[in-house]
Every structure is written in C-alpha cells, then in structure tokens.
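Per our numbering, the very first residue in the sequence shown carries number 489; after that it's consecutive. We put the beta carbon where it would ideally sit given N, CA and C, even for glycine. In what follows, a structure is listed as structure tokens, so that the remarks can point back to it.
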Amino acid sequence: MISIRRITASLLACVLFGTLQALAYDNASIYSPGQLGAATVHESKPKQILITNVHVFDGLNDKRIMNANVLIEGKLIKEVSKTPIKAVNANVINGGGRTLMPGMIDGHAHVMINDDFGPVERDMDLTDISYNAVIVMERFLMDGFTAVRDMGGPAFGLARAINSGRVVGPRLYPSGGFISQTSGHGDFRDRADPGFSIHDAGDLSNFERMGIGNVVDGVPEALKATRLNLRNGATQIKIMGGGGGSSRFDPIDTTQFSKDEICAIVEAAKDWGTYVAAHTFNDRAVSRLLDCGVKTFEHSFFISEKTMQRIAEEGGYVVPQMWGISPDMARNPLIPEAKKGMVKALGEQYKDFGRNLLKNNVKVVFASDYVGKFEDAERARRYELWWRTQTFDSNFEVLKQVTSTAGEMLAMSGPRNPYSEGKLGVIEAGAYADLLLVDGNPLKDISVIGGTDKWFDAEPEWKPIETIRLIMLSGAIYKNTL
Ligand SMILES: [Zn+2]
C-alpha cells in the first residue's frame with residue numbers, strides 16, 4: 489500500500505524546498521549553491537554584509553557585546569566591533585537592537601531514523617528515509633540549527649547534497665551506520681528475522697540493509713565497518729558501548745564490545761585523524777571506553793561523579809539528551825503504561841545529573857537525540873532547549889552547550905572535518921558566518937530561540953519560530969523576516 493503520509497511528506501519537501509530556495513535567492517544575492525562546500529565558489533572579491541546595531545552573544549561569554557557591528561566577508565566573519573565598521577561596498581542590515589548569536593549545533597541527532605521504529609524496521613527503504621531527511625534538514629535550519637552531528641545512518645549522500653546546494657540544510661557531520669556487536673544496541677533483528685540465529689548470521693535486518701547500523705563481532709569485522717564508514721566520508725565513528733532503551737534485546741545495564749574491539753576501532757579512527765563517539769550509560773562501559781581513548785560519551789545518565797571527573801581529566805565530552813530523564817518523559821505516549829513508573833523513578837534518581845556534570849567540570853554538548861517520526865523529533869528538540877535551562881540552572885550554560893562547546897567538539901574530526909575554514913559556534917573574526925538574529929535576549933528567555941515547556945502537548949505541525957528573524961549559514965541568508 490502506498491502511504492498517503494509518504495506522498496504528503498515528499499510533496500511538502502518539494503514545497504518547502506522551493507520556498508526556501510526562493511527565499512535564499514530573494515533576500516541575498518549572496519546565496520550560491522555549494523556555499524557550504526570548500527572551494528566550490530570562485531569569487532574574485534567575496535561579498536560583504538555589515539550587520540549593525542546588535543547585541544552579540546558570542547557563544548563564550550555570559551554578557552552580550554552591546555551595540556556592536558559585525559562584518560561578514562564571504563563565508564566568514566571578518567570583524568566584530570563596538571565602533572562603526574567602514575565597509576563601503578557591504579550590504580547593510582540594521583539589526584534594530586536585537587541579539588545576534590551563533591547558529592545552534594545539535595551534537596547528537598538521527599536525521600535518517602525519521603519515522604517510528606516499526607516502519608523503519610520493516611516497511612521503509614532508503615528513498616523513504618531520504619525524502620523525509622530533506623524535510624528534517626530544512627526544518628533543522630529553519631529552527632536556527634546550522635550544524636548537526638548525525639549519530640548513525642546512511643547520511644553521506646545527504647551531506648553531499650547539502651554541501652553542493654541541492655538540499656537546504658545545516659552542515660552535516662555523518663557517522664555512517666553506527667557500529668554494534670551482536671545483541672548490542674544497534675542489533676535491531678527481531679526473533680522472526682533472518683540472522684537471529686547463528687546459523688544464518690549473514691542475513692541483515694532492514695536497519696543494516698539501509699545502512700543505519702552495522703552488527704559486527706571481533707576485531708576484523710569491527711575494523712572493516714569502521715574503515716568502510718571512513719571511506720564513505722564519516723567525520724567521526726559512532727559505536728554502541730552498552731545497552732539502551734530503544735532496542736529490544738540489549739538490557740540497559742549491559743556493557744558492549746570487548747576492550748580489543750573498542751581499542752581497534754579507536755585506533756582505526758585515529759589513523760584517519762578523527763575520534764570515536766559511544767552510546768553508553770554506566771560506569772563500567774565508560775571506563776572501558778576511556779581506556780581505549782573514546783572522546784564523546786552519549787547519554788551517560790547513570791555514571792558516577794568519579795567517572796565524570798575522569799572524563800573531564802581526559803578531555804572528553806558528555807552529550808546527553810536531557811529529556812530522557814525529565815519528569816515529562818513518563819507522558820511519552822510511546823512508553824508502555826507498565827514502564828512509566830520505572831521511567832519516573834529514573835528521572836527522580838538522576839535529577840542532579842546535569843548539575844553534577846557541571847560541578848565536575850565536564851564539557852557538555854546539546855543533544856536532541858530523538859528517534860522516531862520527524863515531527864516528534866522537532867517537538868522534542870524545542871522541549872530539550874527549555875528543559876536544559878531547568879536542569880543546568882542557566883540559560884548561558886545551555887547556550888554554550890548548543891554553540892561554542894558543540895563547535896569545539898565538531899572540530900575534533902580534524903582532517904575529516906569538511907568545514908575547516910573557520911570555527912563553528914562562536915562569533916569572532918575568522919569564524920564561519922553561521923548566525924541568528926533574534927528578537928529579545930536568549931540569555932534571559934530561551935523561548936526566543938524556540939525553547940518551550942510543551943512536548944507531547946505541543947502542536948504536532950511544525951511552525952516557524954517567529955522570534956528568529958534572520959538565519960545565516962556560511963554567509964548566505966536563508967530566512968529574513970526583518
Ligand atoms: Zn542516539
């Protein structure tokens with residue numbers, strides 16, 4: 489049966505795509521397809537845009553630079569100054585006393601797992617999830633996100649399409665299919681699937697068939713999966729270091745992959761100048777991952793303060809989706825009634841997780857990490873922005889997590905970083921011109937960039953965030969309602 493929803497989704501993709509393209513061309517003679525990719529635009533003299541009369545949140549400091557001017561040349565910020573900047577040939581945008589801030593960065597998203605698990609596991613193919621992903625990426629950008637680290641899925645073609653200007657969306661850091669052991673958090677085979685028994689282990693689940701994940705055992709298979717992802721353009725490697733909530737056959741307390749396997753993967757990633765990110769929850773798993781040199785620890789809700797200290801000492805990052813331990817989690821209609829008590833209890837038990845991370849000087853990065861229908865992911869993302877301000881007790885801390893700290897983490901891709909001409913997540917000379925012009929002050933009010941306490945009770949249909957008035961990516965304007 490052809491699903492009406494699918495057709496609607498791809499129609500919407502066309503409509504949205506058309507609108508955004510038009511908007512981009514309309515507002516800015518500066519937009520050129522391929523602006524994101526390195527060395528695709530040959531301009532003798534890069535165009536300049538001068539933004540005047542703005543209060544700058546630079547991604548690093550808790551005080552805005554008041555009444556500032558920012559000059560952009562080509563893809564990069566050329567100057568930030570409190571005194572007038574002379575730029576006779578620049579297009580001038582009067583910021584009207586609004587806040588100028590770096591574009592936001594999502595450190596852990598699943599842009600290719602964009603429908604409920606049932607359909608992704610059984611009914612969908614690559615074209616389904618690719619068409620959905622076009623909408624996912626456009627809305628990410630329209631919500632003010634200018635870079636996204638994808639934590640597992642066949643997003644290489646999508647990254648190429650974005651970099652060449654064929655699809656509108658944020659900078660994309662793909663991991664390729666996540667790498668899991670048999671019975672691990674990436675092993676989505678059901679009992680009735682081929683491959684569930686060792687006698688036909690060569691058969692693949694739909695997850696693997698589409699490239700969302702790889703199930704491997706032993707060092708040679710782990711190395712092969714890692715190297716294939718690197719060959720295809722992975723900017724970092726994502727592995728499953730322990731059990732999880734969304735898969736059926738790996739209890740959340742389990743530790744996954746042997747030390748040999750993890751260390752081999754990390755070494756192969758290092759050989760390509762990049763790093764490994766691991767899905768993980770507990771001390772035992774994190775300590776094994778740290779022994780091998782894993783750099784980013786996703787989720788990690790159940791770790792002790794001692795482990796937090798070790799992560800901080802070794803320069804690691806924790807990238808948690810805080811909604812996972814929010815009191816509102818128990819209202820998630822996807823969680824079976826019988827499990828809601830447990831979810832509530834976990835939220836209560838780990839309510840100080842965020843505060844403890846900060847107390848132990850751990851670098852924290854924003855994560856939306858919603859797997860499921862993309863409409864649901866969008867609602868979770870906006871809720872996440874708000875909920876973090878409650879659990880980290882500070883808008884500034886959350887803004888840092890979603891800008892400068894995230895940008896610093898992305899830079900760990902080293903030579904595999906496709907966007908290495910400037911810094912991400914900060915407003916300073918030499919950084920990429922990925923910028924948002926916002927009504928109001930997000931340091932005081934997170935709702936001006938979309939944060940909301942509504943989640944499952946939020947409207948299901950995506951709507952633009954009216955207070956984000958201008959969105960610039962790589963010096964090109966994608967939204968302008970000034
Ligand atoms: Zn995830």
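Selected residue, minimal CA-CA separation from residue i, among the options
i	options	result
G829	G842, D840, F841 and P815	P815
P658	R679, A680 and F633	F633
K932	T587, S668, I965 and G641	T587
L538	H596, I560 and R637	I560
H543	I813, G842, S882 and V558	V558
Y619	V807, G928 and K861	K861
L824	S734, V774 and R715	Strictly speaking, residue 824 in this sequence is Pro, with Leu absent from that position. With distances taken between Cα atoms, P824 lies closest to S734.
R627	G895, K888, A917 and E863	E863
W811	T540, G939 and T670	G939
R867	L923, N844 and W950	W950
K888	I934, G902, A575 and G918	I934
C780	L923, T670 and K758	K758
A773	F745, D678 and T955	F745
Q536	P607, T743, A578 and R798	A578
I617	V704, G645 and G584	G645
H787	P534, T540 and H596	H596
Y661	A946, R904 and I956	R904
G653	M592, L524 and A556	L524
Same chain, Cβ closer than 6 Å to residue i, five either side skipped, listed in chain order
i	result
T891	G547, P590 and G913
G664	N717, N720 and A722
K726	M639, G640, S663, F666 and A765
S901	T723, Q724 and T762
Nonlocal neighbours in the same chain, by C-beta distance under 7 Å from residue i, ignoring five residues either side
i	result
S792	D771
G732	H673, D738, I740 and H767
D705	Q669 and T670
E755	none
Neighbour-count burial assignment, residue i, 16 or more Cβ in a 10 Å radius
i	result
G582	For clarity, residue 582 is Asn in the given sequence; the question names Gly instead. Exposed.
E872	buried
M625	buried
N602	buried
A833	exposed
A621	buried
R869	buried
M897	buried
V926	buried
L970	exposed
R610	exposed
N849	exposed
T496	In this prediction, T496 has a pLDDT of 40, which is less than 50 and means its spatial position is unreliable; what the coordinates show is noted afterwards. Exposed: under 16 other Cβ atoms inside 10 Å.
T784	buried
L961	buried
E696	buried
R776	buried
A894	buried
M554	exposed
K551	exposed
D594	buried
Alpha-carbon to alpha-carbon, residue j and residue i
i	j	result
G699	E567	43 Å
G672	Q724	20 Å
P952	M630	7 Å
I750	Y838	27 Å
I623	H598	13 Å
R648	M600	14 Å
G842	F880	6 Å
L564	Y907	11 Å
W943	W875	10 Å
S693	L614	13 Å
V853	D681	36 Å
K574	N549	26 Å
D691	D675	12 Å
S856	S882	18 Å
M796	T571	43 Å
Y920	E909	8 Å
A752	M728	14 Å
G928	A899	30 Å
Y805	Q878	20 Å
Sequence-distant residues of the same chain with beta carbon closer than 8 Å to residue i, five excluded per side
i	result
G835	I813, S814, P815, M817 and A818
D748	V707
V859	H598, I601, F605, S734 and A865
E709	none
L711	A752, I753 and A756
Residue i Cβ short of 7 Å to ligand 3 heavy atom set
i	result
M810	Looking at this structure, you won't find ligand 3 anywhere; what it does contain is ligand 1.
Cβ of residue i within 8 Å of any chain C Cβ
i	result
N720	No chain C is present in this structure, which holds just one protein chain.
### Task
Quick one: which unbroken alpha helix (DSSP H) runs of 4-plus residues sit fully inside the segment 733-821? Chain order, please.
The segment 733-821 contains these whole alpha helix (DSSP H) runs: 747-759, 771-780 and 793-801.
### Query
Which ranges does the beta strand (DSSP E) cover as unbroken runs of at least 3 residues, wholly within the segment 536-606, from first to last along the chain?
Whole beta strand (DSSP E) segments, 3+ residues: 536-544, 553-561, 564-569, 579-590 and 592-597.
### Query
Can you give, in chain order, each stretch of the beta strand (DSSP E) that sits fully within the segment 853-936 and has at least 3 residues?
Qualifying beta strand (DSSP E) stretches, in chain order: 923-926.
### Runs of alpha helix (DSSP H) wholly within the segment 668-728 (minimum 4 residues, chain order)
If we require 4 residues or more, the alpha helix (DSSP H) runs fully inside the segment 668-728 come out as 694-697 and 707-720.
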